[in-house]
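Asks: First to last, the sequence lines map onto chains H and G.
Per my numbering, the first sequence starts with residue 609, numbered consecutively.
Per my numbering, the second sequence starts with residue 609, numbered consecutively.
Number of protein chains: 2
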Amino acid sequence: MTSAVYAVILAGGSGSRFWPASRRARPKQLQSLGPGDGTLIEQAVQRMRPFCDGEHIVIATGEHLVEATRRVLPNLPAAAFLAEPRARNTAPCIGWATEYIARRDEEAIVVVLPSDQYVARPESFRGAMARAIEAARAGAVVTLGITPTRPETGYGYLHAGDLVAEGVMRLKDFREKPDEQTARSYVASGEYFWNAGIFVFQAGLMLDHFAACLPDTHAGLMTIREAAANGARAERAAVARFFDEVEPISIDFGVMEAIGRKGLVNMVAADVGWSDLGSFQTAWELASKDGEGNALVGDVLTTASHDNLVLDSSDDGSVIALVGVDDLVVVKTKDALLIARRQSCQDVKAIVEKLETIGRKELL
Amino acid sequence: MTSAVYAVILAGGSGSRFWPASRRARPKQLQSLGPGDGTLIEQAVQRMRPFCDGEHIVIATGEHLVEATRRVLPNLPAAAFLAEPRARNTAPCIGWATEYIARRDEEAIVVVLPSDQYVARPESFRGAMARAIEAARAGAVVTLGITPTRPETGYGYLHAGDLVAEGVMRLKDFREKPDEQTARSYVASGEYFWNAGIFVFQAGLMLDHFAACLPDTHAGLMTIREAAANGARAERAAVARFFDEVEPISIDFGVMEAIGRKGLVNMVAADVGWSDLGSFQTAWELASKDGEGNALVGDVLTTASHDNLVLDSSDDGSVIALVGVDDLVVVKTKDALLIARRQSCQDVKAIVEKLETIGRKELL
Numbered sequence: 609m610t611s612a613v614y615a616v617i618l619a620g621g622s623g624s625r626f627w628p629a630s631r632r633a634r635p636k637q638l639q640s641l642g643p644g645d646g647t648l649i650e651q652a653v654q655r656m657r658p659f660c661d662g663e664h665i666v667i668a669t670g671e672h673l674v675e676a677t678r679r680v681l682p683n684l685p686a687a688a689f690l691a692e693p694r695a696r697n698t699a700p701c702i703g704w705a706t707e708y709i710a711r712r713d714e715e716a717i718v719v720v721l722p723s724d725q726y727v728a729r730p731e732s733f734r735g736a737m738a739r740a741i742e743a744a745r746a747g748a749v750v751t752l753g754i755t756p757t758r759p760e761t762g763y764g765y766l767h768a769g770d771l772v773a774e775g776v777m778r779l780k781d782f783r784e785k786p787d788e789q790t791a792r793s794y795v796a797s798g799e800y801f802w803n804a805g806i807f808v809f810q811a812g813l814m815l816d817h818f819a820a821c822l823p824d825t826h827a828g829l830m831t832i833r834e835a836a837a838n839g840a841r842a843e844r845a846a847v848a849r850f851f852d853e854v855e856p857i858s859i860d861f862g863v864m865e866a867i868g869r870k871g872l873v874n875m876v877a878a879d880v881g882w883s884d885l886g887s888f889q890t891a892w893e894l895a896s897k898d899g900e901g902n903a904l905v906g907d908v909l910t911t912a913s914h915d916n917l918v919l920d921s922s923d924d925g926s927v928i929a930l931v932g933v934d935d936l937v938v939v940k941t942k943d944a945l946l947i948a949r950r951q952s953c954q955d956v957k958a959i960v961e962k963l964e965t966i967g968r969k970e971l972l
Numbered sequence: 609m610t611s612a613v614y615a616v617i618l619a620g621g622s623g624s625r626f627w628p629a630s631r632r633a634r635p636k637q638l639q640s641l642g643p644g645d646g647t648l649i650e651q652a653v654q655r656m657r658p659f660c661d662g663e664h665i666v667i668a669t670g671e672h673l674v675e676a677t678r679r680v681l682p683n684l685p686a687a688a689f690l691a692e693p694r695a696r697n698t699a700p701c702i703g704w705a706t707e708y709i710a711r712r713d714e715e716a717i718v719v720v721l722p723s724d725q726y727v728a729r730p731e732s733f734r735g736a737m738a739r740a741i742e743a744a745r746a747g748a749v750v751t752l753g754i755t756p757t758r759p760e761t762g763y764g765y766l767h768a769g770d771l772v773a774e775g776v777m778r779l780k781d782f783r784e785k786p787d788e789q790t791a792r793s794y795v796a797s798g799e800y801f802w803n804a805g806i807f808v809f810q811a812g813l814m815l816d817h818f819a820a821c822l823p824d825t826h827a828g829l830m831t832i833r834e835a836a837a838n839g840a841r842a843e844r845a846a847v848a849r850f851f852d853e854v855e856p857i858s859i860d861f862g863v864m865e866a867i868g869r870k871g872l873v874n875m876v877a878a879d880v881g882w883s884d885l886g887s888f889q890t891a892w893e894l895a896s897k898d899g900e901g902n903a904l905v906g907d908v909l910t911t912a913s914h915d916n917l918v919l920d921s922s923d924d925g926s927v928i929a930l931v932g933v934d935d936l937v938v939v940k941t942k943d944a945l946l947i948a949r950r951q952s953c954q955d956v957k958a959i960v961e962k963l964e965t966i967g968r969k970e971l972l
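1) Let's test the definition: count the other Cβ atoms within 10 Å of the Cβ of ALA633/H and tell me whether it reaches 16, buried, or not, exposed.
2) Could you work out which residue in ALA716/H, GLU760/H and PRO756/H is closest to GLY747/H when comparing CA atoms only?
3) Return the first residue and the last residue of the alpha helix (DSSP H) that ALA710/H is part of.
4) What span of residues does the beta strand (DSSP E) with TRP802/G cover, start to end?
5) Who are ALA948/H's beta bridge partners in DSSP?
6) Would you call the region 809–818 of chain G in contact with the region 693–709 of chain G, where contact means no fewer than 3 C-beta pairs closer than 8 Å?
7) Could you please tell me which residues of the region 894–920 of chain H, in chain order, have their CB closer than 7 Å to any CB of chain G?
8) For the region 713–776 of chain H, list the beta strand (DSSP E) runs that are entirely contained and at least 3 residues long, ordered along the chain.
9) Do VAL873/H and VAL749/H have their C-beta atoms closer together than 8 Å?
10) Interface residues of chain H around LYS969/G at Cβ under 8 Å?
11) I want to see whether chain H comes within less than 8 Å of VAL750/G, judged by CB atoms only; does it?
12) Give the interface partners of VAL931/G over in chain H, defined as CB-CB distance under 9 Å, in chain order.
13) Can you pull the chain H neighbours of ILE928/G, defined as C-beta to C-beta under 9 Å?
14) Would you verify that the beta carbon of LYS780/G is, or is not, closer than 8 Å to some beta carbon of chain H?
15) Give the interface partners of LYS940/H over in chain G, defined as CB-CB distance under 8 Å, in chain order.
16) Measure the alpha-carbon distance for ALA903/H versus GLY642/H and round it to whole angstroms.
17) Beta-carbon within less than 7 Å of ARG949/H's beta-carbon, same chain only, minus the 5 sequence neighbours each way: which residues are those?
18) Closer than 7 Å by beta-carbon distance: list the chain G residues that pair up with GLY925/H, in chain order.
19) Can you pull out the residues from the region 625–639 of chain G whose beta carbon lies closer than 7 Å to at least one beta carbon of chain H?
20) At what residues does the alpha helix (DSSP H) containing GLY906/G begin and finish?
21) For LYS962/H, decide whether its Cβ has a neighbour in chain G, counting only Cβ atoms nearer than 8 Å.
22) Determine the burial state of ALA820/H: buried for a count of at least 16 other Cβ atoms within 10 Å of its Cβ, exposed for fewer.
23) Using 8 Å as the Cβ pair cut-off and three pairs as the minimum, do the region 613–624 of chain G and the region 721–738 of chain G touch?
24) Tell me whether ASP920/H sits in a helix, a strand or coil according to DSSP, three-state version.
25) Return yes when the Cβ of LEU972/H is within less than 8 Å of the Cβ of ALA944/H, no when it is not.
26) Considering VAL613/H, what are the terminal residues of the beta strand (DSSP E) in which it resides?
27) So, is ASP860/H buried or exposed, given that buried needs 16 or more other C-beta atoms within 10 angstroms?
28) Sort SER622/G, CYS953/G, ARG694/G and ILE832/G by Cα distance to GLU964/G and report the nearest one.
29) Three or more beta-carbon pairs under 8 Å between the region 725–739 of chain H and the region 641–659 of chain H, yes or no?
30) Along the chain, where does the alpha helix (DSSP H) containing PHE689/H start, and where does it finish?
31) Looking only at DSSP bridge pairs, what is THR911/G linked to?
32) According to DSSP, is GLY623/G part of a helix, a strand, or is it coil?
33) From GLN789/H to THR757/H, what distance separates their C-alpha atoms?
34) Would you decide whether GLY662/G is buried or exposed? Buried here means 16 or more other CB atoms lie within 10 Å of its CB.
35) Just verifying my parser: in three-state terms, what is the DSSP assignment at THR669/G?
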């Protein structure tokens with residue numbers, strides 16, 4: 609019998625880039641921002657369904673988000689939700705989830721994936737994921753490399769080397785976000801792929817890598833394991849202590865790059881219509897639009913207006929009319945209205961900071 | 609004893625240019641659109657207070673607007689409100705109001721003025737109005753000529769001739785809306801003034817002019833007078849019949865231009881900071897603004913945004929955030945949100961027409 613597949617879906621996040629659609633209490637993954645059906649986290653769960661049943665899905669989220677996240681995923685059991693007591697970047701969280709799974713099944717295959725991405729071609733994703741799981745069963749740590757469609761400077765890149773099996777390459781190198789010229793040469797070469805933060809590995813093997821690369825973190829994880837033997841209450845206390853004391857570091861810096869340099873990481877190329885849905889700009893690009901380039905959700909009328917994104921989730925029976933405006937992002941919720949130039953939507957964070965400064969915490 | 613002064617304040621209007629702030633049931637004059645205190649119609653009444661007491665103020669409005677208008681002017685008696693059964697342009701309405709006043713006092717001086725204008729310098733207005741009333745008492749029909757401040761192509765002009773008394777000129781001619789070059793020459797000459805639709809005359813004299821210029825209309829008015837002798841019910845029926853049958857024509861075309869050609873109209877120049885508040889563009893121009901040129905009413909935050917007009921009357925506790933946008937008009941009410949390019953705000957009518965076409969009458 610082959611080992612079971614677990615999905616660890618990373619669902620933290622502060623949500624300031626999609627304010628006011630996303631909020632501290634309802635970050636991006638709990639929103640229906642892309643063209644897909646349902647919230648982004650539901651889509652992530654759905655994407656992994658062909659590989660793992662409900663008991664093998666783990667949602668790693670923040671304590672303040674557990675309730676809202678459970679409401680969106682009512683079919684998952686309570687045990688599926690791992691609540692981080694504090695955000696400590698990805699290595700502690702993935703380490704914790706991996707230890708949690710390894711305790712049940714050392715041989716389990718763990719798929720780590722973000723909860724807030726969009727995949728246009730799920731059937732292609734299934735193919736790439738099946739291949740990655742197979743490679744992980746063969747003993748590699750595997751990362752999915754997204755086939756780049758443009759010289760994007762906002763992502764890290766994976767430099768792929770020799771083919772080691774059908775569709776599986778040895779990973780040569782992780783590369784930081786490049787400048788534009790470098791990004792162009794990456795895309796032209798065909799050897800570089802986007803790092804989407806999707807990893808596949810055997811649970812016990814990854815714990816060994818933690819022991820080698822982040823020994824203090826690994827020791828903390830073993831303390832949790834020992835405490836767990838004394839019951840749920842002791843386990844909770846150990847988890848709290850672990851997150852208090854652990855070094856906050858990403859899985860990329862803390863583990864993947866180190867083992868990648870030793871030739872221990874493989875990459876599966878994934879041409880799956882992937883998007884990180886990183887901004888309203890991306891949401892507009894992905895959305896289906898009318899003949900004037902307007903992507904409209906809600907009761908919206910337009911005249912002489914082009915290339916706008918309107919998202920009305922206020923559900924207040926109100927109409928929105930656009931007259932002679934282009935390239936805007938309009939987001940209306942029950943308690944806030946954002947009107948931004950589409951090309952300036954990275955500055956939405958400035959408004960979130962302003963709200964924080966002036967003490968309007970109810971709007972964050 | 610000098611004859612009494614009556615103010616006839618014209619308060620009809622459909623309000624499509626200020627949608628969604630103004631609505632069929634709450635047109636522009638019932639809104640607080642300019643920088644002044646209170647609604648525009650309250651300001652119009654206030655402007656005439658130095659000349660006439662409450663019983664001498666007549667509000668000529670549509671039947672569907674009487675209730676809303678009375679709520680805004682609770683201190684005026686019920687008899688102050690003349691409700692037109694149907695809109696028939698200005699001549700029938702002014703004729704009716706004039707007959708209504710003349711029946712009480714043939715010698716009364718009648719001041720006709722729109723209800724939806726803004727005057728920045730009320731004390732200058734008082735001076736010009738006092739002069740116009742004096743000229744009307746001397747037997748002329750008088751029109752106020754607004755000293756132009758720019759070569760506006762959206763207004764009709766008054767061509768002033770010889771001085772006939774201090775500050776009073778013989779009116780040479782009414783001129784239609786000019787093209788830009790003509791407008792420039794008008795302003796440069798110093799002989800042309802904006803026609804603001806403000807007229808002053810003796811009631812009985814104006815009825816004589818109606819008899820000469822619009823004999824059918826005059827006959828209808830006399831029918832109302834005879835019916836009124838038989839009680840309020842007969843009067844109401846006669847008024848309804850009058851508005852059913854009367855020729856819809858403006859006072860300018862129907863009376864003023866004809867008597868102007870005979871040299872019977874005088875003009876008093878009024879340099880009073882007048883504005884017709886004809887569009888959101890004008891409202892923005894008049895409004896007080898922050899250092900970035902934004903005129904903001906409501907709970908509004910801005911970043912990297914300039915020269916916007918935001919009017920939030922929704923009173924729903926919601927915040928509005930502008931990010932990187934310029935030259936917008938944003939109007940939020942309980943049931944509608946308009947986002948328009950400031951320079952396109954004359955196209956707001958297109959949205960109103962669209963709402964009508966698709967049967968969204970609740971939003972008109």
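Glycine is no exception: its CB is placed at the ideal position from the N, C-alpha and C atoms.
All figures in this text were calculated on a predicted structure; none of them were measured in a lab.
Replies: In brief:
1) The residue in question, ALA633/H, is exposed, as its Cβ has fewer than 16 Cβ neighbours within 10 Å.
2) For the residues ALA716/H, GLU760/H and PRO756/H, the minimum Cα distance to GLY747/H belongs to ALA716/H.
3) 698–712 is the span of the alpha helix (DSSP H), which, as asked, contains ALA710/H.
4) Element bounds for TRP802/G: 800–810.
5) VAL937/H and VAL931/G.
6) Here the region 809–818 of chain G lies against the region 693–709 of chain G, with 3 or more beta-carbon pairs under 8 Å apart.
7) Identification of residues in the region 894–920 of chain H having a C-beta nearer than 7 Å to some C-beta of chain G yields LEU909, THR911 and ALA912, given in sequence order.
8) If we require 3 residues or more, the beta strand (DSSP E) runs fully inside the region 713–776 of chain H come out as 717–722, 749–754 and 765–773.
9) At a Cβ-Cβ threshold of 8 Å, VAL873/H and VAL749/H count as neighbours.
10) Residues of chain H whose Cβ lies closer than 8 Å to the Cβ of LYS969/G do not exist; the shortest such Cβ separation is about 12 Å.
11) No, its Cβ sits nowhere closer than 8 Å to a Cβ of chain H.
12) Annotation: Cβ neighbours of VAL931/G in chain H (cutoff 9 Å, chain order): VAL937, LEU946, ILE947, ALA948, ARG949, SER952, CYS953, ASP955, VAL956, ALA958 and ILE959.
13) ALA944, LEU945, LEU946 and ILE947, listed in chain order.
14) Chain H, which has no Cβ nearer than 8 Å to the Cβ of LYS780/G, makes this no.
15) The answer, in chain order, is LEU945.
16) Rounded to whole angstroms, ALA903/H to GLY642/H spans 11 Å at the Cα level.
17) Closer than 7 Å at the Cβ level, and outside the excluded window around ARG949/H, lie ASP935 and LEU936.
18) Chain-order list of chain G residues neighbouring GLY925/H: ASP943, by C-beta distance under 7 Å.
19) Residues of the region 625–639 of chain G whose Cβ lies closer than 7 Å to any Cβ of chain H: none.
20) Counting along the chain, no alpha helix (DSSP H) covers GLY906/G, and no H or E run does either.
21) Yes, because at least one Cβ of chain G sits closer than 8 Å to the Cβ of LYS962/H.
22) Burial call: exposed.
23) Result yes; three or more Cβ-Cβ pairs closer than 8 Å.
24) In the structure shown, ASP920/H sits in a strand (DSSP, three-state: E or B).
25) The answer is no: Cβ separation not under 8 Å.
26) In this chain, the beta strand (DSSP E) harbouring VAL613/H covers 613–619.
27) Counting Cβ neighbours within 10 Å, ASP860/H comes out buried, since at least 16 surround it.
28) Residue SER622/G is the option with its Cα nearest to GLU964/G.
29) Yes, the region 725–739 of chain H touches the region 641–659 of chain H.
30) It is not in any alpha helix (DSSP H) - PHE689/H instead sits in the beta strand (DSSP E) that spans 689–692.
31) Bridge partners of THR911/G: VAL931/G.
32) In the three-state scheme derived from DSSP, where H, G and I count as helix and E and B as strand, GLY623/G is classed as coil.
33) Going from the Cα of GLN789/H to the Cα of THR757/H covers about 15 Å.
34) It counts as exposed.
35) Residue state, collapsed to three classes: strand.
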